[in-house]
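Before any comments, here is the structure.
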Amino acid sequence: MTDGLTDTERAILAFEAEWRRHAGAKEEAIRAELNMTPARYYQLLGRLIDQAAALEYDPMLVKRLRRLRDRRDATRLARASGTPS
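Just so we're aligned: the sequence shown equals residues 15 to 99 in the numbering used here.
In structure tokens:
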């Protein structure tokens, strides 16, 4: 495939899009399905959603994940500065 993503990156995006369909906790599913720790998964996912190739591969998912991240960041910033979010 010539989308600019590695097999691992495509697997991470596919997992994130479908993880709710897995039985059990997300962290357990990450270990079982992707053979990596949840910390590593989230580290890679955070970098991945900033890549243009990921946006082209699954624009709806990547845009949703970016919005969620931006909302969390804004909430953290508001808490740290003492202003309501």
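Don't be surprised by glycine CBs; every beta carbon is placed ideally from N, CA and C. Everything numeric in this text was worked out from a predicted model, so none of it was measured.
How should residue i be labelled, buried or exposed, when 16 other C-beta atoms within 10 angstroms of its C-beta is the threshold for buried?
i: Asp72; result: buried
i: Leu82; result: exposed
i: Ala46; result: exposed
i: Ala43; result: buried
For residue i, name the three-state secondary structure that DSSP assigns.
i: Ile63; result: coil
i: Leu91; result: helix
i: Met74; result: helix
i: Ala39; result: coil
Using only the alpha-carbon positions, how far apart do residue i and residue j sit?
i: Ala92; j: Arg85; result: 11 Å
i: Arg61; j: Ala67; result: 12 Å
i: Arg34; j: Lys40; result: 8 Å
Does any CB atom of chain D fall closer than 9 Å to the CB of residue i?
i: Tyr71; result: The displayed structure is made up of one protein chain only, and chain D is not part of it.
Whose C-alpha, out of the options, is nearest the C-alpha of residue i?
i: Phe17; options: Gln65, Tyr55, Lys77, Ala31; result: Residue identity differs from the one stated: residue 17 is Asp in this sequence, not Phe. The shortest C-alpha separation from Asp17 is found at Gln65.
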